[in-house]
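Remarks on the structure that follows.
Protein chains: 2
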Amino acid sequence: MLKFSYENSGITQNELVAYFESVSNAHKALHGKTGAGNEFTGWVDLPSNYDREECERIRQTAEIIRGNSDVLLVCGIGGSYLGARAGIEFLKGNFHNHKQGVQVYFIGNNLSPDYLGDLLDYVRDKRISVCVVSKSGTTLEPAAAFRFARELMESKYGKTEAAERIYAITDREKGALKKLADASGYATFAVPDDIGGRYSVLTAVGLLPLAVAGADIAQILEGAQTAAENFSDENVLNNMCYQYAAIRNILLGRGKNIEILAGFEPSLRFFAEWWKQLFGESEGKNHKGIFPASVEFSTDLHSLGQYIQDGTRNIFETVLKIGSPNREMVIPSNSKDGDGLDFLDGKNMSFVNEMARQGTVQAHEAGGVPNLLVEIPKRDENSFGQLVYFFEKACAISGYLLGVNPFDQPGVEEYKKKMYALLKSKNPVL
Amino acid sequence: MLKFSYENSGITQNELVAYFESVSNAHKALHGKTGAGNEFTGWVDLPSNYDREECERIRQTAEIIRGNSDVLLVCGIGGSYLGARAGIEFLKGNFHNHKQGVQVYFIGNNLSPDYLGDLLDYVRDKRISVCVVSKSGTTLEPAAAFRFARELMESKYGKTEAAERIYAITDREKGALKKLADASGYATFAVPDDIGGRYSVLTAVGLLPLAVAGADIAQILEGAQTAAENFSDENVLNNMCYQYAAIRNILLGRGKNIEILAGFEPSLRFFAEWWKQLFGESEGKNHKGIFPASVEFSTDLHSLGQYIQDGTRNIFETVLKIGSPNREMVIPSNSKDGDGLDFLDGKNMSFVNEMARQGTVQAHEAGGVPNLLVEIPKRDENSFGQLVYFFEKACAISGYLLGVNPFDQPGVEEYKKKMYALLKSKNPVL
């Protein structure tokens, strides 16, 4: 079961009591759908009322892809990219594409010809399926990449078989991609109208790629449902998820305007990227918000560790603890060669990793960095579902406490407008 | 040639003039070796006075490894990890391990049994060489991983052949790894005494893995030498590198305490990690420093982009522009299918990427984010050498301007002390 604690944060329960009413109001606004952005709160009840039929279709489709493909190309950006990638690496590790099963690669999340070209060269001669994810179908990055992917598929398989190997996750009824999919005969899955991109990982957007990668998606949804039940009490003193939301705001009030999500597993890298989008895009508006950053420990203890220990004191840290590893490695003895670390002989690496975690928290707390802890038993489907829901709900409540609409992203349009103007201009400057 | 400009930063030349004397003093302290940490400034003149003989030996060794290995495992952490990885991905792209040539993987930079176990399973049956990088040989993470690597090599090849396939980059004379290497017959390369970890990428630490990955290391050093010459004028008005250093401090004085390094190529991810270590570890001390963060655009325009555009206004942005891509991809026409992006038909992706860059800078500047620009012609060896030297020197000068020793990292010891105490304790709590 996911647990949150704040023992090493310097925050007292009394300070939380002061948030009793505002949290309760935020809870009511979220569940009563009366708050800002309430048209995008479909994710709140998703774990209990998701479309079972579509979910079954996702599973069946994943089985087909696992049977007829070596590679799945997932074409999407932002929320149509990070959730699936976060989940796959979280569950299957950094080297998931080196293991048995379908390799999953991501395109359409950047505009680099080197990236796309190198990847297409690599997969060209393999058996490929494509999953294109876009609510509208007109987002530039995935639309451009999908033109390449479609061309590759049609030249490789012909139009008919290509259409059987292309899956569109898009609006249920309208939009360019839905139209193209229907005209071409691609199977489609829905991006619900009431769930924004960064909250969409528990819809087909995340679940189809996850299922193809071999994840048990029913378990993910069950984990999310467990979290939905566990974090449903409007009383901040009884709700760890709301405690996290309130404490973030308390710390921000003290000038801690950078939050660092710290994991001790490299397979959490894209989970951290997902988390950064969730919080950064939800709260970073109206010249407000906590800047979300992430580190991979112990790697980054030999990098940003110095700054965290002793740099500008405007940071706090949220540590992800994983109870047990997915595999164990016993450190071989090396005593007679004298690397000076005899105390490692015969120890489990996961034990050493956990001592590094504890030592780090002690050191950073002593250095003046408030420490929060989110704890899950394992890197498994159930825990992933819990984590996703915990952070989604905490983010919504935190945004309401901050006084912003946590479900819009008006700033994302700014670069698009400028880019479109430049792309359409007669005299671009290179 | 590398160029730096600050047109979109809101900083005027007059403000730089005010830094004339302090920059000049910092320059003298650095070149005269009279400043704090002067015992670690060997990197300043490295591009002109590196050890040619050792460099030749690196090239020859790389040829041997390229002839007899499918995989090189590089075992190191911090500066013994990030520079090599940054360089290889910068030059060879995200999918370098999918291309012809030796695959290069990194171990010893974390304590995850899942990471190490999965990777060793993948490489076990391939032809392997190992490069272990540690000044002392007693840093816990690489020492622990090297025990596994050595066991694997000796059981696979026997002690004699294993010794021929293991290379140690370590202290020239002393330390646990040097002793072990000499006793076992590993070839060794030197980590110079006067160059700290995060400044070591142009020594064997970075150059051997880079050469194995197929990089032309002479060109890297030549690029660094070009930068050393171009950025040698003590007058801040004539030295772009010092302008960057001064402007960072001017912006910090205005409350911009987060710097975001923004690239438009996913292959810059680990270059950004290297940069984060360089600046974070050099300046993040005495409760001072700019927090270094990074983004990958356009990916993260659909994530942290919202925050950058409109969140708390304590950030500035340093954009890396790459003049031309390593390959070109022409976007296929899709007009009749109506993704609404007809203006993309037949355009080079790199052109669209550059318009995204220009649009982003315009949007962020309009949003109140000072923008700095570092520009290189291409992702090639020469540019990599220039970039490394530019940032190393800027970091040293910037640290001196800030009033810290940019060459120590006392805070890194804190977690180690706590971790060691926990590891040696009789009753660890799990």
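Going down the list, the protein sequences come from chains A and B. Going left to right, the first sequence walks through residues 874 to 1303 as my numbering numbers them. Going left to right, the second sequence walks through residues 874 to 1303 as my numbering numbers them. Just so you know, even glycine gets a beta-carbon here, dropped at the ideal spot from N, CA and C.
- Annotation: the segment 1035 to 1119 of chain B contains the following complete segments of the alpha helix (DSSP H) (minimum length 4 residues), in chain order: 1049 to 1057, 1077 to 1085, 1090 to 1103.
- The DSSP-derived three-state label of B/Q976 is strand.
- Taking a cut-off of 8 Å for Cβ pairs, the segment 1166 to 1182 of chain B and the segment 1230 to 1242 of chain B touch, as three or more such pairs fall below it.
- Secondary structure of B/F1164 (DSSP, three-state): strand.
- Straight-line measurement puts the Cα of A/I1093 at about 17 Å from the Cα of A/K876.
- The C-alpha of B/D1089 lies about 43 Å from the C-alpha of B/T1185.
- Within the segment 1104 to 1136 of chain B, contact with chain A at the beta-carbon level (separation under 8 Å) is assigned to N1130, I1131.
- Closer than 8 Å to the CB of B/Q976 there is not a single CB belonging to chain A.
- In the three-state reduction of the DSSP assignment, B/P1250 falls in the strand class, which pools E and B.
- One finds G1010, T1011, A1016, A1049 in chain A with Cβ atoms closer than 7 Å to the Cβ of B/D1212, taken in chain order.
- Residue state for A/T1233 is assigned as helix, using DSSP reduced to three classes.
- The Cβ-Cβ distance between A/E1024 and A/R1142 does not fall below 8 Å.
- Counted as a single uninterrupted DSSP element, the alpha helix (DSSP H) harbouring B/A1294 occupies residues 1285 to 1297.
- Its chain contains L955, R1071 as the residues whose beta carbon lies nearer than 6 Å to that of B/Q1150, once the 5 sequence neighbours on both sides are disregarded; these appear in chain order.
- Distance between B/M874 and A/F1164, taken at the CA atoms: about 34 Å.
- Contact annotation for A/N1226 against chain B: L984, S985 [CB-CB distance below 7 Å, chain order].
- A contact is defined here as three or more CB-CB pairs under 8 Å, and the segment 1146 to 1162 of chain A meets this definition with respect to the segment 1259 to 1271 of chain A.
- With respect to A/A1229, A/F1170 sits close: the two C-beta atoms are nearer than 8 Å.
- For B/K901, the enclosing alpha helix (DSSP H) begins and ends at 893 to 904.
- Under the Cβ distance rule, B/H900 does not count among the residues neighbouring chain A, no pair being separated by less than 8 Å.
- Among the residues of chain B, none has a CB under 7 Å from the CB of A/P920; the nearest is roughly 24 Å distant.
- When secondary structure is reduced to three states using DSSP, B/I1131 falls in the strand class.
- When the Cα atoms are used, A/A935 and B/G1272 turn out to be separated by approximately 53 Å.
- With fewer than 16 other Cβ atoms from the protein chains shown falling within 10 Å of its own Cβ, A/P1301 counts as exposed.
- Burial of A/H900 is indicated by the presence of at least 16 other C-beta atoms within 10 angstroms of its C-beta.
- Using a CB distance cut-off of 8 Å, A/N1255 does not count as an interface residue toward chain B.
- Partner residues in the beta bridge of B/T1191, as assigned by DSSP, are B/L1134, B/L1245.
- It is roughly 16 Å from the alpha-carbon of A/L964 to the alpha-carbon of A/E1248.
- Secondary structure at B/N1159: coil, using DSSP grouped into helix, strand and coil.
- Around the CB of B/A1294, fewer than 16 other CB atoms lie within 10 Å, so the residue is classed as exposed.
- Using a C-beta cut-off of 8 Å, the segment 1003 to 1012 of chain B makes contact with the segment 1039 to 1057 of chain B, since at least three inter-stretch Cβ pairs fall below that distance.
- Under the three-state reduction of DSSP output, A/G1184 falls in the strand class.
- When DSSP assignments are scanned along the segment 900 to 980 of chain B, the uninterrupted stretches of alpha helix (DSSP H) that are 4 or more residues long and fall wholly within it turn out to be 919 to 922, 925 to 941, 955 to 965.
- With a contact defined as Cβ atoms closer than 8 Å, A/V944 and A/V975 qualify at about 7 Å.
- In this structure, A/A1101 lies away from A/V1109, with their beta-carbon atoms at least 8 Å apart.
- Residue state for B/F1170 is assigned as coil, using DSSP reduced to three classes.
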